[in-house]
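J.: Chains as they are written, first to last, in the working numbering: chain V, 148 to 401; chain H, 1026 to 1328; chain Y, -4 to 311.
All C-beta atoms, glycine included, are put in the ideal place defined by N, C-alpha and C.
1) Taking one C-beta from the region 1223 to 1230 of chain H and one from the region 1093 to 1105 of chain H each time, how about it: are there three or more such pairs within less than 8 Å?
2) Consider the Cβ of residue 271 of chain Y: report whether some Cβ of chain H lies at a distance smaller than 7 Å.
3) Below 8 Å, how does it come out for the region 301 to 312 of chain V and the region 237 to 249 of chain V: are there three or more Cβ pairs, yes or no?
4) Alpha carbon to alpha carbon, how far is residue 191 of chain V from residue 315 of chain V? Give it in angstroms, no decimals.
5) With a cut-off of 8 Å, do at least 3 Cβ pairs link the region 81 to 95 of chain Y to the region 23 to 42 of chain Y?
6) Go to residue 230 of chain V, then tell me how far its beta strand (DSSP E) extends in each direction, as first and last residue.
7) If the criterion is Cβ atoms closer than 7 Å, does the pair residue 15 of chain Y and residue 268 of chain Y meet it?
8) Is the region 1145 to 1157 of chain H touching the region 1072 to 1080 of chain H in the sense that three or more CB pairs, one from each, lie closer than 8 Å?
9) Determine the direct distance from the alpha carbon of residue 213 of chain Y to that of residue 106 of chain Y, and round the result to whole angstroms.
10) Measure from the alpha carbon of residue 77 of chain Y to the alpha carbon of each residue in Y:19, Y:163, Y:35, then state which is nearest.
11) Answer yes or no: do residue 1063 of chain H and residue 1251 of chain H have a C-beta to C-beta separation smaller than 7 Å?
12) In chain V, which residues lie less than 9 Å from residue 1179 of chain H when you measure between Cβ atoms?
13) Using C-beta distances below 6 Å, list every residue in its chain close to residue 127 of chain V, excluding the 5 sequence neighbours before and after it, in chain order.
14) Does the CB of residue 1138 of chain H have a neighbour CB from chain Y at under 7 Å?
15) In its own chain, which residues sit with a C-beta less than 6 Å from the C-beta of residue 245 of chain Y, not counting the 5 before and 5 after it?
16) Along chain V, which residues have their Cβ under 7 Å away from the Cβ of residue 1207 of chain H?
17) Please tell me whether residue 288 of chain Y has its Cβ less than 7 Å away from any Cβ of chain H.
18) Alpha carbon to alpha carbon, how far is residue 323 of chain V from residue 187 of chain V? Give it in angstroms, no decimals.
19) When you check each C-beta in the region 1183 to 1203 of chain H against every C-beta of chain V, which residues fall closer than 7 Å?
20) For a cutoff of 7 Å on Cβ pairs, would you count residue 224 of chain V as touching chain H?
21) Which residue spans inside the region 1224 to 1265 of chain H form an unbroken alpha helix (DSSP H) run of at least 4?
22) Compare the Cα-Cα distances from residue 155 of chain V to each of V:326, V:177, V:203 and report the closest residue.
23) If we define contact as Cβ-Cβ less than 7 Å, is residue 230 of chain V a contact residue for chain H?
24) Work out the CA separation of residue 172 of chain V and residue 195 of chain V for me, nearest whole Å.
25) Would you say residue 299 of chain Y faces chain H, with C-beta separation under 7 Å as the test?
26) Applying a beta-carbon distance threshold of less than 9 Å, which residues of chain V neighbour residue 1215 of chain H?
27) Thinking just about the alpha-carbon of each residue, which of Y:74, Y:21, Y:230 is nearest to the one in residue 171 of chain Y?
28) Over the uninterrupted beta strand (DSSP E) stretch that includes residue 1140 of chain H, give me the two end residues.
29) Specify, as a first and last residue, the run of the beta strand (DSSP E) that residue 324 of chain V falls within.
30) Output, in chain order, the set of chain H residues within a Cβ distance shorter than 7 Å of residue 213 of chain Y.
31) List, in order along the chain, the chain H residues whose C-beta lies closer than 7 Å to that of residue 171 of chain Y?
32) Quick one: is residue 1144 of chain H near chain Y, going by C-beta distance under 7 Å?
33) In the DSSP assignment, the beta strand (DSSP E) including residue 370 of chain V goes from what residue to what residue?
34) Would you tell me roughly how many angstroms separate the C-alpha atoms of residue 384 of chain V and residue 341 of chain V, rounded to the nearest one?
35) Alpha carbon to alpha carbon, how far is residue 1328 of chain H from residue 1314 of chain H?
36) If we define contact as Cβ-Cβ less than 7 Å, is residue 1293 of chain H a contact residue for chain Y?
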């Protein structure tokens, strides 16, 4: 098993607040890697650091052995790291189909003029984009609503579409930020199955932020626990559950 | 027919020209970027054409090329506008939000003051007696018309291409677009440059059409007019700028009897339209159509 | 450059810079609360200038609907300025009601607020033009009453002129700044305003009536814009209703230079641009109008945050 993401001493502070404090870990290829911690522990910030949306204060990380610290978000995404957002950031005014077409941007090449002139290469590529988009819509069960505006979908469907949009990027690593937030028990159950299915189909490594403990424990191979920006535990679900520091962080030290 | 063209030729050509200028602002807006630079590039293009047509230094060139000088003027205007837009765009478009609008306001004002003071641009008087390409006013439709058709075709193809999708994604959510692998700065600059090239070419075509060219051609007021065309027509459809420009640019003609109150009404139209037609006329028509379709379709309602 | 000339330039620069500062404060207040630039601010400036003029001087020119009309009373200059600014403040509230509130309630695209405020500006300026015509109005020196219109000093060969109105402008600027500073950092209203600026939905959860504080802000902004207009009107005359537009654009340069949304930044930006304009050599005076925009442009290139602005962090 080879390491796909390696983080070394990642730090980020906002003013005086140390949101992420020297966090180091490595993620193996094909693994589902959980990130848990109380609110404000720095989980989303960590995702933002990895995807380049927030610059790191210090530390570095590498992807497939190459350093990618400091690259702009689109370059990081282009190399195969896709993500979803905690507060769902779909292209709400565009159709469902358009959403999954757009994120194939990085794996296609048609330029301005060949697109306008409709050159053969661009037409071929356009067909492939179309096919791929439908394939993904079928997978996420939204092919019947392809023409609808993304913003008009039900909440759970928006979450699925966001995962679909990230998958259209053909990523090697997928970062899911609280995918089950706001879902009911049945939806959570089906999401768990869906995430497993995605891993099988796309051979994708996943980093998962989630509050719902049973879901995390059931899905993840390993779990990293953050507390006030610092790492307090890292290990398989059973070990983390027994960890004294984790129990204290969640229940409050007695 | 002859009489109609005599009477309304100037208006018709003006409508074509204003539609083109509306599109020059529509391109950056496709990527959600508000640029008020179009009058600047329009003025610049016009000056380039006027200078090439009148300056004594260019006489040998004119003699050699004959009417071929005009396409050369368009080319030069488009090229210079494009390069300038590249420089402005790269610096202003790294930033999100209102910064492009502010930078373009500054650009239009600086250019205006410079043109008011340089000798080559004729100072406050400007450049006059620009040689005509056609004998009749309406004949200018023969260059503006095809350019507009070409632009429409360009926009139509663009909207359904990879580049167009990238622009729309940036308009919807710039941060998410970046996270989906779209080089946001590149596409924002691209859209801005396309708009600038178009405005420059339109300026170069307009200089002979209007016969004189001065610093009043590129002002903040003109920026507002073009913006109004696009937003009131509808900024989310390629038919918006066209419809908006045709309606609003013929408004002064229709309101001619009102004279002084014209601009007051223009202003009220802006306020009312931005409140009641947030998606522009085209957007409102689209909603209306969807409503009608829903109510008459066999699936909807009980019948 | 002789020291005398130098001193004179500094004097003129600080004076005009003070006006820019007062004007820009109005812009920046609205921006800090709503994150939107109120393009009708230049029109408020125009309105303030004409209101002050009509209250203090009271007869209108030859163009426009009010041609040759007289206002039946005269107020002293300080009173006219104050009343003119207050009325401009009320107009600022009106702008908020017409152009911003309907859009805000619907959560519309901020671009639309820009267009609607431009629309209001267009209407205001043209209504003013319709009423008072487009000729130049200048304040007669009698408006100051018994006070001398100018003081002169001899320095070497040059005579330095300090016009009374420059003194007034500077004094007003300082007073406004101190009062605003006090209002924002020491009063309950100021605390509420800061809370609204930080996060309006949280502020409303805390029981702050956000709508009311937005109205206060627009009143304050209109008051300052109108006052700047009145001061410029007395100092240089009113160059037609459209003169507010060019000040409006210059004000944008000031707030970007100082840092969008920063109050001390607006003052600093105003001073910098005022001084920069005053020091343009007379051979190049035709380019003076472009100075502010050159600064705006350069600032965007080097440091878009402005001199005193703070970095904004977008929440993901």
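T.: According to the structure shown:
1) Here the region 1223 to 1230 of chain H lies against the region 1093 to 1105 of chain H, with 3 or more beta-carbon pairs under 8 Å apart.
2) Among the CB atoms of chain H, none fall inside 7 Å of the CB of residue 271 of chain Y.
3) Flag = yes, the region 301 to 312 of chain V and the region 237 to 249 of chain V touch.
4) The alpha-carbon atoms of residue 315 of chain V and residue 191 of chain V are separated by roughly 22 Å.
5) Cβ pair count under 8 Å is three or more, so yes.
6) For residue 230 of chain V, the enclosing beta strand (DSSP E) begins and ends at 228 to 230.
7) Cβ atoms of residue 15 of chain Y and residue 268 of chain Y: closer than 7 Å.
8) Taking 8 Å as the limit for Cβ pairs, the verdict is that the region 1145 to 1157 of chain H does touch the region 1072 to 1080 of chain H.
9) About 19 Å.
10) Across the set Y:19, Y:163, Y:35, the C-alpha of Y:163 shows the shortest separation from the C-alpha of residue 77 of chain Y.
11) Contact flag set, yes.
12) Under the 9 Å cutoff, chain V gives 263.
13) Because chain V here runs from 148 to 401, residue 127 of chain V falls outside it and cannot be looked at.
14) Cβ-Cβ to chain Y under 7 Å: yes for residue 1138 of chain H.
15) Only residues of its own chain outside the window of five on either side were considered, and among them 287 have a CB closer than 6 Å to the CB of residue 245 of chain Y, listed in chain order.
16) From the beta-carbon of residue 1207 of chain H, the residues of chain V found nearer than 7 Å are 221, 252.
17) With its beta carbon less than 7 Å from one in chain H, residue 288 of chain Y belongs to the interface.
18) The C-alpha of residue 187 of chain V lies about 17 Å from the C-alpha of residue 323 of chain V.
19) Hits within the stretch, in order: 1183, 1186, 1187, 1188, 1190, 1191, 1193, 1194, 1197, 1198, 1200, 1201, 1203.
20) By the rule that beta-carbons nearer than 7 Å mark a contact, residue 224 of chain V touches chain H.
21) The region 1224 to 1265 of chain H contains these whole alpha helix (DSSP H) runs: 1245 to 1258.
22) Distances from the CA of residue 155 of chain V to each of V:326, V:177, V:203 were compared; the closest alpha carbon is that of V:203.
23) Residue-level contact check: residue 230 of chain V touches chain H, since one or more beta carbons of chain H fall below 7 Å from its beta carbon.
24) A direct Cα-Cα distance of roughly 16 Å separates residue 195 of chain V from residue 172 of chain V.
25) Yes, residue 299 of chain Y lies at the interface with chain H (some Cβ there is under 7 Å from its Cβ).
26) Near residue 1215 of chain H (Cβ distances below 9 Å), the residues of chain V are 259.
27) Closest by alpha carbon: Y:21.
28) Unbroken run through residue 1140 of chain H is the alpha helix (DSSP H), 1124 to 1142; no beta strand (DSSP E).
29) In the DSSP annotation of this structure, the continuous segment of the beta strand (DSSP E) that includes residue 324 of chain V starts and ends at 320 to 324.
30) In chain order: nothing, as chain H lies at least about 16 Å away.
31) Here the premise fails: no neighbours, minimum Cβ distance about 25 Å.
32) No, residue 1144 of chain H lies away from the interface with chain Y (no Cβ there is under 7 Å from its Cβ).
33) Its beta strand (DSSP E) spans residues 369 to 374.
34) Spanning the two alpha carbons is a distance of roughly 20 Å.
35) Residue confidence for residue 1328 of chain H is low, a pLDDT of 35 falling below 50, so the modelled location carries little weight and cannot support an answer.
36) Chain Y contact via Cβ: present.
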